[in-house]
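Worksheet for the structure shown next.
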Amino acid sequence: MQHIRNFSIIAHIDHGKSTLADRIIQFCGGLSDREMEEQVLDSMDLERERGITIKAQTVALKYQACNGQTFLLNLIDTPGHVDFSYEVSRSLAACEGALLVVDASQGVEAQTVANCYTAIEQGVEVIPVLNKIDLPAADPDRVIAEIEDIIGIEATDALRVSAKTGQGIQDMLEAVVKRIPTPKGDPNAPLKALIIDSWFDNYVGVVILVRVVDGVLKANNKIMLMASHAAYLCEQVGVFLPKAENRDSLSAGEVGFVISGIKELKSAKVGDTVTLADNPAAEPLVGFKEIKPQVFAGLYPVESNQYDALRSALEKLQLNDSSLQFEPETSQALGFGFRCGFLGLLHLDIVQERLEREYDMDLITTAPTVIYQVALRDGTVIEIENPSKMPDLSKIEEIREPIITTTILVPEEYVGAVMSLCTGKRGVQRNMQYMGRQVMLVYEMPLNEVVMDFFDKLKSVSRGYASLDYEFKEFRAADLVKLDILINSEKVDALSLIVHRTSSQQRGRELAQKMRELIPRQMFDIAVQAAIGAHVVARENVKALRKNVLAKCYGGDITRKRKLLEKQKAGKKRMKRVGNVEIPQAAFLAILQVG
Ligand code: GTP
316 MQHIRNFSII AHIDHGKSTL ADRIIQFCGG LSDREMEEQV LDSMDLERER GITIKAQTVA
376 LKYQACNGQT FLLNLIDTPG HVDFSYEVSR SLAACEGALL VVDASQGVEA QTVANCYTAI
436 EQGVEVIPVL NKIDLPAADP DRVIAEIEDI IGIEATDALR VSAKTGQGIQ DMLEAVVKRI
496 PTPKGDPNAP LKALIIDSWF DNYVGVVILV RVVDGVLKAN NKIMLMASHA AYLCEQVGVF
556 LPKAENRDSL SAGEVGFVIS GIKELKSAKV GDTVTLADNP AAEPLVGFKE IKPQVFAGLY
616 PVESNQYDAL RSALEKLQLN DSSLQFEPET SQALGFGFRC GFLGLLHLDI VQERLEREYD
676 MDLITTAPTV IYQVALRDGT VIEIENPSKM PDLSKIEEIR EPIITTTILV PEEYVGAVMS
736 LCTGKRGVQR NMQYMGRQVM LVYEMPLNEV VMDFFDKLKS VSRGYASLDY EFKEFRAADL
796 VKLDILINSE KVDALSLIVH RTSSQQRGRE LAQKMRELIP RQMFDIAVQA AIGAHVVARE
856 NVKALRKNVL AKCYGGDITR KRKLLEKQKA GKKRMKRVGN VEIPQAAFLA ILQVG
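Quick note: the sequence shown uses my numbering, first residue 316, plus one each step.
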């Protein structure tokens, strides 16, 4: 055990985590050059395109240190986005050390700070690493000062590396071996293994990635998962080199995979403890949480005969993504579809894109919303994740919305702009601290405001320099109302949304205007209204049009005419007929563009 080192890489998106992991694998000879595919740790194609690591994966490597001893390095990959912060915390719980990778040409960002604090709280040894020192814009001294100011750890001896050229990699691995503590743990105690990750494999079912904390896990052991008390027969254990290789056992300190005939991903939850059914541990490991979706949206097929195909596509995605939830939902306007729950907006984007790309679905997505707690006058409390399901106002005692604590890191010159953005989103400032050239702002804000378009706005007012991290704080009562959109006097349920009363009139007006721009002219006039209860707060008209489409070609040749019609048809693809009005996808998301 004294030759094992378990560590993760903490980095902000794009600071070079995947590239560095590849370089480490290559250095340790985990893969031959021919096998060395760029960014092996990001396995999904989509991830590669987006450049975001979504699922944590891990690799066991042999490293021959300068003192001649051979070490087993378990590099545990972590997701880099705020939507996946629970998975990050479980990956870090499996480590004794972490490389804090900061792009030497950029500096520290909020996500890095948040993950770094998570690591420090768990007693993980954090080693600062400055990456991309090959870039002319690299400014290591400034970034070292920033790490010290903002994160508060000693960084004068930060390692300087280039994941691109390989410079400094060996020194960094020496530091891993010297500075990261040996795993503790008792091989003779009852088994306790932490589930770091789990995924579905078509051939063997669920694969669980574990860090054995105490005890020994052998193939053929009968195991028990402590959250559900479900027992399974352990069929195989092994390690990823990065290719899977079977072993007879995994013991305290080691990281590896377990295959045990589990059929559904939701049975093997990240953070749960694996123990032996015949000799169970007294207590599970601390830190297990059920993760719940935070953001909801309706997904509807454009063609109603695609409903079954959409269901089976969602089922397939869920096999490998237990945080994706869905249930059937019917909308008067959109017909049959599904209400889906996501960890955050990025998660929603990824699911939507995979459905469209891998399953060839044409979808209408409704505006994302959060869960509201609604206290009714009869004393019951219900949770509403679809604005159109909001009970009648007369029955409601109060509506409570989810509040988050958000930490924003921004260069000094943009502080004013960011503060007014936060205030505009009903944010309440809790802290403000100058740290070198950066300022850390802490705000409490309604999640609903952040879900909408906060992230894009934050990036635009700070020219891309601000970064953000958030965590759920509590449900809090607020003066909220339901805003309905009526098209030709018909309420369109899929367009309803919940807004704060103070901004409801303005949102209604802006939304109606936006709708007018987005809904294409049709053969008749279309009235777009925004209403709160029976009170109409805005009205816009989409003027009739038609005759001129073909009129342009009057007397022209038939091919031009056909082309024009085809173009029109193609443009209709992502439209949904509501009553007799064609509404494009963009109109369902118009709320994201206002306010
Ligand atoms: P996520 O997977 O999105 O979290 O990003 P990441 O942190 O894994 O970053 P990734 O490894 O994908 O690197 C981001 C970009 O920086 C890529 O274009 C890399 O080629 C580039 N990059 C990474 N390391 C270096 C380096 O040392 N020098 C230079 N010049 N570029 C680098």
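For glycine and all other residues, C-beta sits at the position ideal for the given N, C-alpha and C.
Backbone CA spacing between residue 740 and residue 342 [nearest angstrom]: Here residue 740 refers to the residue found at position 425 when the sequence shown is read from its first residue. Here residue 342 refers to the residue found at position 27 when the sequence shown is read from its first residue. So the two alpha carbons sit approximately 48 angstroms from each other.
CA-to-CA distance, residue 388 to residue 455, given in whole angstroms: Residue 455 sits at position 140 when you count from the first residue of the sequence shown. Residue 388 sits at position 73 when you count from the first residue of the sequence shown. Distance between the alpha carbons of residue 455 and residue 388: 27 angstroms.
Integer-rounded CB distance, given that residue 576 should sit under 8 angstroms from residue 609: In the sequence shown, counting from the first residue as 1, residue 609 sits at position 294. In the sequence shown, counting from the first residue as 1, residue 576 sits at position 261. Contact doesn't hold; Cβ gap of about 32 angstroms is too wide.
Exposed unless 16 or more other CB atoms sit within 10 angstroms - verdict on residue 804: On the sequence shown, residue 804 is found 489 positions in, with the first residue counted as 1. The residue is exposed, with fewer than 16 neighbouring Cβ atoms inside 10 Å.
Cβ neighbour criterion (16 or more within 10 Å) applied to residue 721: Here residue 721 refers to the residue found at position 406 of the sequence shown. Answer is buried; the Cβ neighbour count reaches 16.
Validate contact between the stretch 503-513 and the stretch 578-594 using beta carbons, cut 8 angstroms, 3 pairs: yes
Helix, strand or coil at residue 446 [DSSP, three-state]: Position 131 of the sequence shown, counting from 1, holds the residue named residue 446. Residue state, collapsed to three classes: strand.
Alpha helix (DSSP H) runs wholly inside the stretch 686-740, at least 4 long, in chain order: Counting whole runs of 4 or more residues, the stretch 686-740 contains the alpha helix (DSSP H) stretches 730-739.
7 angstroms Cβ cutoff met for residue 799 and residue 846: Reading the sequence shown from its first residue, position 484 is the one you call residue 799. Reading the sequence shown from its first residue, position 531 is the one you call residue 846. The answer is yes: Cβ separation under 7 angstroms.
CB of residue 525 within 7 angstroms of CB of residue 564, strictly: Residue 525 sits at position 210 when you count from the first residue of the sequence shown. Residue 564 sits at position 249 when you count from the first residue of the sequence shown. Cβ atoms of residue 525 and residue 564: not closer than 7 angstroms.
Range covered by the alpha helix (DSSP H) that runs through residue 829: Here the question's residue 829 lines up with position 514 in the sequence shown. 816-833 is the span of the alpha helix (DSSP H), which, as asked, contains residue 829.
Straight-line Cα distance separating residue 450 from residue 319: Within the sequence shown, residue 319 is the residue found at index 4, counting from 1. Within the sequence shown, residue 450 is the residue found at index 135, counting from 1. Cα to Cα, the separation comes out at about 33 angstroms.
Length of the line joining the Cα atoms of residue 457 and residue 857: Within the sequence shown, numbered from 1, the residue matching residue 457 stands at position 142. Within the sequence shown, numbered from 1, the residue matching residue 857 stands at position 542. Distance between the alpha carbons of residue 457 and residue 857 is about 55 angstroms.
Separation of residue 776 from residue 612, as counted between CA atoms: Stepping through the sequence shown from its first residue, residue 612 is reached at position 297. Stepping through the sequence shown from its first residue, residue 776 is reached at position 461. One C-alpha to the other measures close to 27 angstroms.
Run of the alpha helix (DSSP H) containing residue 578, from where it starts to where it stops: The residue labelled residue 578 in the question sits at position 263 within the sequence shown. Residue 578 -> no alpha helix (DSSP H), and no H or E assigned at all.
Residue from 538, 606, 423 whose Cα sits closest to the Cα of residue 638: Stepping through the sequence shown from its first residue, residue 638 is reached at position 323. That would be 606, whose Cα lies nearest to the Cα of residue 638.
Per DSSP, cross-strand counterpart(s) of residue 770: Mapped onto the sequence shown, residue 770 falls at position 455. Answer by DSSP bridge pairing: none, since residue 770 is not bridged.
DSSP bridge partner residues for residue 899 (one or two, in chain order): Locating residue 899 in the sequence shown gives position 584, where the first residue counts as 1. DSSP, once it has assigned bridges, lists 890 as partnering residue 899.
Check: residue 483 C-beta below 6 angstroms from any heavy atom of ligand 1: Along the sequence shown, read from residue 1 onward, the residue named residue 483 stands at position 168. It does not: the Cβ of residue 483 is nowhere closer than 6 angstroms to a heavy atom of ligand 1.
Minimum length 3: unbroken beta strand (DSSP E) runs contained in the stretch 434-478: Taken in chain order, the unbroken stretches of beta strand (DSSP E) that lie wholly in the stretch 434-478 and span 3 residues or more are 440-446.
For residue 336, three-class secondary structure by DSSP: Here residue 336 is taken as the residue at index 21 of the sequence shown, counted from 1. It is helical.
Contact belief for residue 762 with residue 723 at Cβ below 8 angstroms, rounded distance in angstroms: Indexing the sequence shown from 1 puts residue 762 at position 447. Indexing the sequence shown from 1 puts residue 723 at position 408. Not confirmed; about 15 angstroms, so no contact.
For residue 326, the residue or residues it bridges with in DSSP: On the sequence shown, position 11 is the one that residue 326 refers to. DSSP lists 416 as partners of residue 326.
Residue environment, residue 794, which counts as buried when at least 16 other CB atoms sit within 10 Å: Here residue 794 refers to the residue found at position 479 when the sequence shown is read from its first residue. So residue 794 ends up on the exposed side.
For residue 670, the first and last residue of its enclosing alpha helix (DSSP H): As a first step, residue 670 must be located in the sequence shown, where it is residue number 355. 660-673 is the extent of the alpha helix (DSSP H) around residue 670.
Backbone CA spacing between residue 808 and residue 513 [nearest angstrom]: Numbered from 1 along the sequence shown, position 493 holds the residue referred to as residue 808. Numbered from 1 along the sequence shown, position 198 holds the residue referred to as residue 513. Straight-line Cα distance between these residues: approximately 38 angstroms.
Backbone secondary structure at residue 551 - three-state DSSP: Start at 1 with the first residue of the sequence shown, and residue 551 comes out as number 236. In this structure, residue 551 counts as strand in the three-state DSSP scheme.
In DSSP terms, what residue 936 is bridged to: No answer is possible for residue 936: it lies beyond the span of the chain, which begins at 316 and ends at 910.
Reduced DSSP category for residue 631 - H, G, I as helix; E, B as strand; rest coil: Taking the first residue of the sequence shown as position 1, residue 631 is located at position 316. Residue state, collapsed to three classes: helix.
Endpoints, the alpha helix (DSSP H) within which residue 405 is located: In the sequence shown, the residue the question calls residue 405 occupies position 90. First-last of the alpha helix (DSSP H) with residue 405: 400-408.
Distance between residue 501 and residue 623 (C-alpha atoms, nearest Å): Position 308 of the sequence shown holds residue 623. Position 186 of the sequence shown holds residue 501. Answer to the nearest angstrom: the Cα atoms are 51 angstroms apart.
DSSP-derived helix/strand/coil call for residue 641: Within the sequence shown, numbered from 1, the residue matching residue 641 stands at position 326. Strand.
Residue 537 - containing alpha helix (DSSP H), residue span: As a position in the sequence shown, residue 537 is number 222, starting the count at 1. No alpha helix (DSSP H) holds residue 537; the beta strand (DSSP E) holding it covers 537-540.
Local Cβ density within 10 Å of residue 696, reported as buried at 16 or more and exposed below that: Within the sequence shown, numbered from 1, the residue matching residue 696 stands at position 381. When all chains shown are included, residue 696 counts as exposed.
Residue range of the unbroken alpha helix (DSSP H) whose run includes residue 750: For this step, residue 750 is matched to residue 435 along the sequence shown. Element bounds for residue 750: not the alpha helix (DSSP H) but the beta strand (DSSP E), 743-750.
Residue interval of the beta strand (DSSP E) (run including residue 799): Within the sequence shown, residue 799 is the residue found at index 484, counting from 1. Element bounds for residue 799: 795-802.
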